[in-house]
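Chains as they are written, first to last, in this note's numbering: chain A, 1 to 269; chain B, 270 to 558.
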């Protein structure tokens, strides 16, 4: 029985930030090892959903359970992979120190060097193919190499649920493939659920089990074939939207662009 | 010319002076350790400008302490803590923080000048608050410095890992449950204490030479989590103790010696750092091929 329990369970969730409701009546179960892509325009509340799961936003209604327990801040069973950024103080340190922050950065006191800690970091680095550049400052690494370190950092907590917030943004196509395949391989081997926020589903289209599409306060959940269709998205956006499949890629045409103040709201949140 | 030289460097009766001024040297060493250590986080948290702002309010506090008879050290600690707390609470984002610092700074300086103008005592004491001490550090002041520095160092050691995580990688740290906001406020309070201690030796205008320059120099030549703080402390102690020892017997405040040494260390590290960087870039590009 235990195996089939969802690692993430969202029930009747509503999130309002200020006067604006981002989504309502959201129900979602993520099974162990399941890969869910979270799609939608800027300001549709994708990142805010991850923040709510992390306990950083309080829901206006409904509840979120992570492996059967209410979402709370600092849940060690959740891994988190952020977007790669060109301007970031984390760029100043060495790769292995970035991974080390994931291992014990939340604990008080000094990072006392030890054989065990070192071995743990080495294993994590090897699991993302990052051993050979681990001692270089992060700033000298490519975007793809940096994101592989982020995967290792997030794996350090042995998560049941991996939250990824645009981990492929600003990567080139090859790096996008390497990083998404890495996340896919580890969720199969380790059996953690994945919530993967992205503005472009194509790099992960072949890996995704289900899609959560957020738009205009509404949402659809289903397999990519069920959700990424013209009539489904047109209803969701309440506008003419065409979903074109060409050469194994999905192109969404005509999705209404969200206004700038909505975008800013998302950034502020 | 020789007049200038003898004003700057005078090593007659050096041994006796050294014995007289061993308090100052101890104070410099203690402050160097605390300042060099906290400087690393000042750099990673991008707080250099905030340090300058805090020091002006600390100067105001010290001047008020002098005028009202509460004591210079007590006044400067109070001014520092108020400024650090205000900047920490109101300026969680870099841009807000800079504008709040810029607003507080002239106000603090003005307040300090007002208090000094009203104070009837000696002019050198007044001047010293801004540009550093010339007189020996007495026992009560040394113990005050030692206690404040000890609080700073112990506070930093206790929250070292979460502070590092929150400073380098705030988004992931928050996701991992590090109390990023609480850590930030606690850090600002420690920074306030470090600024108040530094003012006693180098003066409000030159605090950056203790709290920023050594760490900036260390970051030029290393990115190791161990060596950056160690080098930063070493540079700060060298600047302070070296400055005090050169200033012995001269009629000039110690601050120009301290700031010059710390600046020269920075220059050397910058030059050496370019070499290190070139080599690393080469290694990185070879690896990419």
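Beta carbons: idealized from backbone N, C-alpha and C, even for Gly.
Below-9 Å beta-carbon distance, residue 274 of chain B vs any chain A residue: no
For residue 192 of chain A and residue 24 of chain A, the rounded distance between their alpha carbons: 26 Å
Residue 407 of chain B, buried or exposed, once every other Cβ within 10 Å from all chains shown has been counted against 16: exposed
Extent of the continuous beta strand (DSSP E) to which residue 65 of chain A belongs: 61-66
Residue 43 of chain A Cβ short of 8 Å to the ligand SAH heavy atom set: The model on display carries no ligand, and the ligand SAH is accordingly not part of it.
Residue of A:200, A:8, A:178 and A:221 minimising C-alpha distance to residue 165 of chain A: Of the candidates A:200, A:8, A:178 and A:221, the one whose C-alpha sits nearest the C-alpha of residue 165 of chain A is A:200.
DSSP bridge partner residues for residue 17 of chain A (one or two, in chain order): Residue 17 of chain A pairs with A:20.
Interface flag, residue 482 of chain B vs chain A, CB-CB below 9 Å: no
The segment 281-297 of chain B touching the segment 493-510 of chain B, judged by at least three CB pairs closer than 8 Å: yes
Start and end residues, alpha helix (DSSP H) containing residue 514 of chain B: 496-516
Completely contained beta strand (DSSP E) runs for the segment 179-264 of chain A, where each covers 3 or more residues: 193-197, 210-215, 218-222, 242-246 and 249-253
Short CB-CB distance (under 9 Å) between residue 150 of chain A and chain B: yes
Backbone secondary structure at residue 30 of chain A - three-state DSSP: strand
Three or more C-beta pairs below 8 Å linking the segment 272-284 of chain B and the segment 308-315 of chain B: no
Residues of its chain near residue 341 of chain B, where Cβ-Cβ distance is below 6 Å and the 5 sequence neighbours each way are ignored: 331, 334 and 335
Extent of the continuous alpha helix (DSSP H) run through residue 155 of chain A: 143-155
Interface residues of chain B facing residue 106 of chain A [CB-CB closer than 8 Å]: 430, 431, 434, 442, 445, 446 and 447
Integer Cβ distance of residue 519 of chain B from residue 276 of chain B, believed to fall under 8 Å: 6 Å
Within-9 Å CB hit, residue 495 of chain B to chain A: Residue 495 of chain B counts as touching chain A.
4-residue-minimum alpha helix (DSSP H) runs that sit fully inside the segment 435-482 of chain B, ordered along the chain: 439-444, 449-471 and 477-480
Positions along the segment 304-326 of chain B whose CB lies within less than 8 Å of some CB in chain A: For the segment 304-326 of chain B, the set of positions with a beta-carbon nearer than 8 Å to some beta-carbon of chain A reads 313, 314 and 315 in chain order.
Nearest to residue 490 of chain B (by Cα), restricted to the options B:435, B:414 and B:538: B:538
Residue 265 of chain A, buried or exposed, once every other Cβ within 10 Å from all chains shown has been counted against 16: In this predicted model, residue 265 of chain A has a pLDDT of only 39, less than 50, meaning its place in the structure is not dependable; the value taken from the coordinates is given anyway. The residue is buried, with at least 16 neighbouring Cβ atoms inside 10 Å.
Contact list for residue 418 of chain B against chain A, beta-carbon separation under 7 Å: Per Cβ cutoff of 7 Å: no residues; residue 418 of chain B is ~18 Å from chain A at best.
Within chain B, partners of residue 281 of chain A - CB distance below 9 Å: For chain A, the structure presents residues 1 to 269; residue 281 of chain A sits outside this window and is missing.
Cutoff 6 Å; reference residue 301 of chain B; Cβ partners in own chain excluding five residues on either side: 505, 506 and 509
Limits of the unbroken alpha helix (DSSP H) element including residue 289 of chain B: Judged by DSSP secondary structure, residue 289 of chain B falls within the alpha helix (DSSP H) whose first and last residues are 283-289.
Inter-residue CB distance, residue 103 of chain A and residue 156 of chain A (contact presumed, cutoff 8 Å): 5 Å
Sequence-distant residues of the same chain with beta carbon closer than 7 Å to residue 350 of chain B, five excluded per side: 458 and 461
Neighbour flag for residue 453 of chain B against chain A, beta carbons, 9 Å: no
Residues of the segment 107-121 of chain A with Cβ closer than 7 Å to any Cβ of chain B, in chain order: 107, 108, 109, 110 and 111
Interface partners of residue 492 of chain B on chain A, CB under 7 Å: Close partners of residue 492 of chain B in chain A (Cβ separation under 7 Å): 92, 93, 94 and 137.
Boundaries of the beta strand (DSSP E) in which residue 342 of chain B is found, first to last residue: Unbroken run through residue 342 of chain B is the alpha helix (DSSP H), 341-359; no beta strand (DSSP E).
Residue 396 of chain B versus B:502, B:423, B:535 and B:471, residue with shortest Cα-Cα distance: Out of B:502, B:423, B:535 and B:471, the CA that lies nearest to the CA of residue 396 of chain B is found in B:471.
Distance between beta carbons of residue 219 of chain A and residue 36 of chain A, contact taken as under 8 Å: So it is not a contact: roughly 12 Å between Cβ atoms.
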